[in-house]
Every structure is written in structure tokens, then in C-alpha cells.
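Just so you know, the protein sequences line up as chains A, B and C, in that order.
According to the numbering used here, the first sequence is numbered sequentially starting from 1.
According to the numbering used here, the second sequence is numbered sequentially starting from 286.
According to the numbering used here, the third sequence is numbered sequentially starting from 631.
Here a beta-carbon is modelled for each residue, glycine too, at the ideal position from N, C-alpha and C.
Note that the structure is a prediction, hence the values are computed from the model and not measured.
Structure first, then comments.
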Amino acid sequence: MVNALPASAAPAVTESAFVRRLLIGTSVLFLGAFLLVPLGCVFAAAFAQGVAAYAASFHDPDTLSAIRLTLLAAVIAVPCNLAFGVAAAWAIGKFEFFGKSVLIALIDLPFSISPVVAGLTYVLLFGSQGWFGPWLAAHNVQIIFAVPGIVLATIFVTFPFVVRELLPTIAAQGNDEEEAALTLGANGWQTFLKVTLPNMKWALLYGVILCNARAMGEFGAVSVVSGHIRGLTNTMPLQIEVLYNDYQFVPAFAVASLLALLALATLVVKSVVEWRAAAIERPSP
Amino acid sequence: MSIAVRNVTKTFGSFTALDNVSLEIPQGRLVALLGPSGSGKTTLLRIIAGLENADSGEVQFDGRDISDRTARERRVGFVFQHYALFRHMTVLENIAFGLRVRPRRLRPSRAEITARVGQLLDLIQLRNQAGRYPSQLSGGQRQRVALARALAVEPSVLLLDEPFGALDAKVRQELRRWLRELHDEVGVTSVFVTHDQDEALEVADQIAVMNAGKIEQVGTPDEVYHNPASSFVYNFLGNVNLFHGRVDNGTARIDREATGHLLFVRPHALEIGRQPVGPNSLRARTTHINAAGPVVKIEALTEWGARVQVEIPQERFAALGLRKDEEVFITPRDLAIFSNDKRVS
Amino acid sequence: MPSFAAGLRRKSIIPGFGLTLGFTVCYLSLIVLLPLAATFVETSKIGWHEFWRIVTAPRAVAAYGLSFGAAFIAAGINFFLGTLVAWVLVRYRFPFKRILDSLVDLPFALPTAVAGIALTAIYAPNGLFGRPLSALGIHVAFTRLGIVVALTFIGLPFVVRTVQPILEDLDKELEEAAVSLGASRWKTFTRVLYPAIAPAAITGFALAFARGVGEYGSVIFIAGNMPMRTEIAPLLIVTKLEEYDYSGATAIATLMLLISFVLLLGINLLQRWSGRRGERDAPERPGLSPAMV
């Protein structure tokens, strides 16, 4: 954005005004049709029968338990992946070792796997016919078609988010400050907490927010492991599907509107993070 | 604390950064490691600090082998080339860092820390900037903060990696002087790395000239400048004119063709005049004269096409009234002869 | 520190290598590698012939064909329009540009189910876009076209976000040089600018494609889900699971996994070719790195 040519740049190096307007118009139309309209539609449909109907959607006990379950899954998945993300970013960003690129590729895996396939792999592990099925049954532990399975599937699909945000930052900042801290007498933990962590706080924050948004919104993987038991193993996205298939459109869109608000909040945080991070890195006059 | 480096070797893959290097740094001295890029000087400094591990050899502090100690345990003050200030901490917090991370029983009280940091802020004359962040400081200010931060923990050794490399010429000059005065006041054994020979000559008590992983010469600035032990040292520490020559009954003669000896003459050690003076006078033609500066720099071309640079004082130039494209005679006053890179005369 | 770990890497004085790498590998193995291993092992139990029979069944072939075909078309649309959007966002100023720029990431942040029902509502025969389109005889919802629309939505940010940084870093002087040498604006674009952004655009295309192939939540609402016509591959897997046809589901899942790996490999190679590995993102922009699907 720093390098953007102003519209009044020397005529030789930019398009004619007509072409510019045409391109801008096409882009705005495209974005409007594909982004703004669906977003607006969610809220329009949610409030189609007025605010009262909207509020009433949240009195349904099944919906409420879906919201609770979604929050639970996020509250467990995000910290786990946060711990992993920080550890992996440290190991990968600060050291050179054999097999590093293989490790990075493996961490990227959940991104390229269809969420349905992800859910299936957990069914094959923990389902009644799965590898651990008999053992789990013997100990009366249920993972698939129960809450633990949902949490695990959520962890799987949001696995790489924090690492992916931290890695570029950690790698680009180099080891100088950490080495300085060591020469000044700090031990490993002190160095990490006082020097490394503050330097990556914005990337960390954004990674967590994104991880959270995806954790709450995951559909395909959770759909496979959940069993769709109303009031028990439905998360918010699954509940949306249930309501929608029951032709209860206003409640479906009402729940959807909550998730849409979360998405918008995520985007806002991203903008703030980018702005703050750029401000810090800008050299002083 | 005196430092001794004994037979240190360090390779990075197939690249030998240090080749069996040994060096003694006496207590309280300010020593410069001088050399071009790739000479191994920064690697040596980092090995002394414990930021790199040598492949073989040892490092001793006060005669004790400390090769096994980590950087943290060695308690050296290290000033990084790009300052490595903690960007999210203020100047004050940066300087106080080393004191604050000490284990509880060794940690000074908050009042003591404040007092010590205040002393250092006065020393570096940045008391008013204590609450600022590194991004709000100029390069010279950041460098001073980095120095104060390293001094705060009262190290017995101070190591500086190209401390003034990234600064403007004027700021560099001031900080050089300031470092010298600081060292005289604090008296801690210091080693700094530089590729700038003026800096080393001006600031250091002793210079170790390095090249391609080896130490070429160690000596006072006077020694390395006037008695360079090898042609590399001669060449690196100032401008030089190069001639082919030979030694004839103890006196040096300049020849037109290669004879296996190299003759080095500094530009200011050449006499220039309109008459030949002795058998070593070279006939030449002036090609370029630059009279703007403390000395006058004249470029000339000898009969056989060799380029010569001569520096003479302004008074001498005024007396001669030389012009471009004039025939002159150039006589060397002070030659150094190297055969196979060993000083012969 | 365990000597095993020490032997693996060049010695560094930064602490914590053994601890962090150990934790990373353990976590990775438990969460990702173990389940994947289970899938492959279970598939191998099916036996090659049975596996082949399942994955080449007409219904399955129709499903992949649909998933791949729709993903390809959607990624193609995003290739062109995404590049256009990136260009417009970087080069021009217009009202609400910053808001639109932020919104480009909406498909990343919005849950797929929400996108699914929203798109269905819009393109259904009585929907905002559906009604005028039906009048023109174009049916979107519950047809293959609807699937393409949904996948276009999902893939929108990929090309835009991979091309944008490249465009931002492009030196203005390149264009000035071209113009001073006599090139027209169009020539400058095709010969100077486009080659610079093509690798990123192609990488974005590949990412959008890979994502589209596996997409589930946003598609199943708008698709109609009729076998052989509008049934995507992930849905086929779910259907088989519901019918307790575990081997069938596993076989198809394995095939999709293998294809994902190949695509992932291809994308990594593409990124290396175009000189970006995601780490190129400057630290001051913790944006979504291009490999994020």
C-alpha cells in the first residue's frame, strides 16, 4: 500500500481514466456480489420477521447447548494449538536442522485435506470399529459421536493456524535480541517471556483469533464425528444445518448471524493488528 | 580480566572462518580486530563471547579455560552490530534488563537498579530519552544505549561487533572519541571488531590485523602502520603504491618488469620535483591534481605506464606550482620490500 | 539436552531446541500423523481389487469429476477476477477501498455453513439474484452452477492475497523504464507486469483449486446433492458413512488424501518456483500467508 500509484500519477505510467473506472467498477461489482450480498443476506434473513423472532431463536434449548458446545470446543482447541504453535514456531524459526522442510510440510497437511476426510480419519481411530474402538468401549469412554471427538476434530482442522502466523514473524526477526538477552544473563524462559513473546504479540493475537474463528465455524469434520445428536453433539454450524433443513429459516440465520459477527470481528482484529504492527516497525523520523 | 585465545579453529561447512588462531589480550586494554569481510574477526569475537562454539582450541579468561561455559555464564558485555535493542522496551528498561533478570539472590534492589541505570544514562547523556523506544532514537543514540545496556551488568570483558558501522561519518567520529574516553574511564578489557583501519588506528591500544581466518600481525597502531609485517597489512592500513623491484647491495631499486619482489611506498613518502634526485627517481607525467583537501593529491603515470599516487603538503605544492600533464620526477623516501609476502627491507 | 537432538542440528546457543522440537513432533504425530496412518492402514486392509472397484464406481467417478471440475472452473474465475481485484486494490484509490480490502478475507473467516445457507438463499429461485437469473433461464441453486458459485466464494481470497504483496513490491521504475523505451500501456502490462505476477496468480489458483476440491459445508446447501449429478466427493464419503459402508468411505477418502498430497506437493513446488515460501511475508504484515487454505 506504500507503493500504490496515486491516481494522479504521471500519465505515462498508468491507465486512462476510462480503463481505470472500468476496472474499479468490475472489481467492486464482483466483490459486492460475492462478499457483501451474502453477508448482508445473513443479517437480512435473520431479522426477516423482526427482532422478537430473532431473539426467540435463542430460547431454544438445543440451540443454546449448541452454542455451549461450540464455545467448549474452542476453549479447548485454541489453547492447545496455541501451545503447539509457539513451540513449533520457536523450533522451526530459531534453529536449522535436518528435516525442517518436511516438518513444515507436515504441519501444512490439515490445510490441504478435506474436512470430511479429516473427520473420517478420527472415526477410523476412535469409532466403534476403529483401532481404539474395543479398548474405549471396554473403558466406557466414548469419543466418536460425543464431545471429545468434536474437540479432537476441531483441534485437527485448526492445527496449523497459529504456527503459520508466527513463523514469518519469528524467522524475520532473527536471533539478535535473544542473543543479547543471553549475554546479559537471562535464562531460556526469561528470554522467551521477556524478549521473544512481546515481539510477536500481534502475530500471536491474530493467529489465535483466526484459530478461534475457524474452530467455532468448522463444519465438515465435526459433522462426520458428531452423530448429530440434538442437544448433545451439535455445534453451532451443525445446528444451523439442522434448523435450515427443518425450514426454520429465521432461527437458522439467527445463529448464523452470530458466527457472521464473529467473522467480522476477526476481520477487524486483523486490520488493527496489521496497522499496529506496521506502526511499530516503521523507523522513527 | 585478560583474555587468551589458543589455537582456535572454526569452520562453517567447507568455509574455514578461523584457522588455528591464537591471541593474547591483556587486562584493561582496548584491542581492535581489524580485517576485511570474511577475515573471521566477527567469528572470533562471537567465540570469545560464547555465541559460537569453536571446533577446536580454547578460550581462557584470566588463565582459566572457559570454553565450556555458556554465553550467559561468561558474563561478557556484547554490543551487536545492529544494536539488538529490545524494541518493545524503553531505553530505561533496555539498560535495566541485565540487572532485572538476575536470580533473586543476586538481584539488586529496585532502588539500586534505578540508581545504576541513572548513572549510565548520565554517562551516555541520554537521561532525557529514558522513556523513549528504540525506534524513536537516532542510530548514534541507539548505539550508546546498547553500550550502556552491556555495561550495566558490570562485565569483566566488553566486546563490540562493528559498533559504528551503520552510522554517518560525523557521528562515527564523535562516537569513536567517546568510546576511547569511556574506556579510559571505566578501564574494562575491551575488544572491538572493525573493517575501518582509521577507526582501529585512532581508537585501539593494540590492533590484531586478520585476513582469511588468520592473524597477520598484532601490535600497537604505530607498529602495524610503520612496520607492517606482511604486504597484506601494509596494503590494508593505508593507501599504497606498488612497484616491481629488487634489492641491489642492500638498497632497493625500482624496476619496470616483475622480478619477484614487490615494493610498497606510501603516497606521502614520495618526493615530487622537476629534477631527478638519485638513481631511484622515476620519470612520470602528471595526469590529475586534486588540491582540495588537507594535502594535495597528485596522480601521475610513469614512463612505463604505472600509476603513481603522491601526496604533498599544500605549501610544497604552492612552491612547485605544478600543473596537469607536466613532466616530473618522483623519488621514494621510504620503501618497504616484500618477497613472497615477507618483509625483506 | 539429549545428544540425539544435538546431533541433528548445527549447534546454536539459543536454548530450548530439544524441548520445543520434541513437543512439536509428539503433538504432530498424535493429532495428525496417527489418524492419517489409520486411514491408510484401513484402506490397505480392503485389498487392491476392492479398493479399485469402489473408487471407479460410476457414482464415485461422477463425484470426483464434479468436485474437480467445479473447483477448476471456480479457481479459474478467481484467477482472472482475483488478479483484477488485487490490481485495483493496490493501484487505485476509491471510496471504501479499505473496507473492501478487509472484506476480501471474509471467506476465510466465515464458517462454511453460514456461507452455504446465505448463498442458497440468494440464488434460490425466489432469491435476490435467483429470481432475475431464473427469468433469464439460468438456474443456479441446486445445480452444478451453484456449486461453482459456492466454490468461487470460497476461493476468492486466495488469488487476491497471493498477488497483492507481489504487486505492492513491484518497483514503479520497471514501468517507467518500459514507457521510456516506448512501450504502450498494454504492452507494459503483458510483457513487464504480468510475468511478474503470474507465478503468484498461478499459486493462488492452485490453492483455490485444492481448497475447492475438498470443500463441504458451503456446497451441500446449494448443491441439491443428487447422486451422479450434483453430489460432490466429500458428500459421497459422508453418505457412505451414514450407510455404515466404512470401507467405501475409507477408500474414497484415501483417494482424496492422495490427491491432496499431490496437490500440496505441487503447490510447494510452485511457491518455491515463484520465490515465495510464505516466510517472505514481511514481519509487519501478519496477514494470511498464501499456503493457508
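Can you round the beta-carbon distance between residue i and residue j to whole angstroms, since I take them to be within the 8 Å contact cut?
i: R360 (chain B); j: V478 (chain B); result: The Cβ separation is near 20 Å, so there is no contact.
i: V473 (chain B); j: S441 (chain B); result: 7 Å
i: A883 (chain C); j: T669 (chain C); result: 6 Å
i: L445 (chain B); j: V364 (chain B); result: 4 Å
i: L69 (chain A); j: I150 (chain A); result: 7 Å
i: L210 (chain A); j: S223 (chain A); result: At roughly 21 Å, the Cβ-Cβ gap does not stay under 8 Å, so L210 (chain A) and S223 (chain A) are not in contact.
Quick check on residue i: does DSSP put it in helix, strand or coil?
i: H679 (chain C); result: helix
i: D490 (chain B); result: coil
i: D507 (chain B); result: helix
i: K270 (chain A); result: helix
i: T196 (chain A); result: helix
i: N756 (chain C); result: coil
i: N246 (chain B); result: The shown model of chain B, from 286 to 630, leaves out residue 246 (chain B), and the question about it has no answer.
i: E439 (chain B); result: coil
i: V93 (chain A); result: The question names Val, but residue 93 (chain A) is Gly in the sequence shown. Helix.
i: P631 (chain B); result: Residue 631 (chain B) lies beyond the residue range present for chain B, which begins at 286 and ends at 630; the question has no answer from this structure.
i: D533 (chain B); result: strand
i: H373 (chain B); result: coil
i: V849 (chain C); result: coil
i: F819 (chain C); result: helix
i: K582 (chain B); result: strand
By a C-beta neighbour count over all protein chains shown, 10 Å radius and 16 as the cutoff for buried, is residue i buried or exposed?
i: L303 (chain B); result: buried
i: T713 (chain C); result: buried
i: N212 (chain A); result: buried
i: Y247 (chain A); result: exposed
i: F111 (chain A); result: buried
i: N245 (chain B); result: For residue 245 (chain B) there is no data in the structure shown, the boundaries of chain B being 286 and 630.
i: P598 (chain B); result: exposed
i: A427 (chain B); result: Residue 427 (chain B) is actually Arg in this sequence, not Ala. By the neighbour-count rule (16 or more Cβ atoms within 10 Å), R427 (chain B) is buried.
i: T820 (chain C); result: exposed
i: C41 (chain A); result: buried
i: I622 (chain B); result: buried
i: G917 (chain C); result: For G917 (chain C), the predicted model reports a pLDDT of 36, less than 50, meaning its position is unreliable; a value from the coordinates is still stated below. G917 (chain C) comes out buried.
i: T686 (chain C); result: exposed
i: L894 (chain C); result: buried
i: K194 (chain A); result: buried
i: D731 (chain C); result: buried
i: A52 (chain A); result: exposed
With a threshold of 8 Å between beta carbons, is residue i in contact with chain C?
i: T286 (chain A); result: Residue coverage of chain A in this structure runs from 1 to 285, which leaves residue 286 (chain A) outside it and unanswerable.
i: G227 (chain A); result: no
i: Q129 (chain A); result: yes
i: V117 (chain A); result: yes
i: G220 (chain A); result: yes
i: P134 (chain A); result: no
i: T301 (chain B); result: no
i: V224 (chain A); result: yes
i: S271 (chain A); result: yes
Check whether the Cβ of residue i lies closer than 8 Å to any Cβ atom in chain B.
i: I850 (chain C); result: no
i: D62 (chain A); result: no
i: L184 (chain A); result: yes
i: I643 (chain C); result: yes
Please check if any C-beta of chain A sits within less than 8 Å of the C-beta of residue i.
i: Y846 (chain C); result: yes
i: V471 (chain B); result: no
i: N898 (chain C); result: yes
i: G383 (chain B); result: yes
i: Y876 (chain C); result: yes
i: R360 (chain B); result: yes
Cβ of residue i versus every heavy atom of the ligand SAM: is any distance shorter than 7 Å?
i: V525 (chain B); result: This structure lacks the ligand SAM, and indeed carries no ligand of any kind.
If you measure beta-carbon to beta-carbon, which residues of the region 653-669 of chain C are closer than 8 Å to chain A? For the region 653-669 of chain C, which is checked against every Cβ of chain A, the residues closer than 8 Å are F653, T654, V655, Y657, L658, I661, V662, L663, L664, P665, L666, A668 and T669.
Of the residues that make up the region 87-114 of chain A, which ones have a beta carbon closer than 7 Å to any beta carbon in chain C? Under the 7 Å Cβ criterion, the region 87-114 of chain A contributes A87, A88, W90, A91, K94, F95, E96, F97, F98, A105, L106, I107, D108, L109, P110, F111, S112, I113 and S114.
Which of the residues in the region 325-353 of chain B, read from start to end, lie with their CB under 7 Å from any CB of chain C? Within the region 325-353 of chain B, the residues whose Cβ lies closer than 7 Å to some Cβ of chain C are G335, L336 and N338, listed in chain order.
Going along the region 671-696 of chain C in order, which residues come within less than 9 Å of chain A, judged by CB to CB distance? Listed by position, the residues of the region 671-696 of chain C near chain A (Cβ gap below 9 Å) are V671 and E672.
Report the residues of the region 173-201 of chain A with a CB closer than 8 Å to any CB of chain C, ordered along the chain. So the close ones are Q173, N175, E178, E179, L182, N187, G188, T191 and F192.
What residues from the region 154-172 of chain A come within 7 Å of chain C, judged by C-beta to C-beta, listed N to C? Among the residues of the region 154-172 of chain A, those with a Cβ less than 7 Å away from any Cβ of chain C are I155, F156, F159, R164, E165, L167, P168, T169, A171 and A172, in the order of the chain.
Near-chain C residues of the region 26-60 of chain A (beta-carbon distance less than 8 Å), N- to C-terminal order: Those residues of the region 26-60 of chain A that come within reach of chain C (Cβ to Cβ, closer than 8 Å) are T26, S27, V28, F30, L31, A33, F34, L35, L36, V37, P38, L39, C41, V42 and A45.
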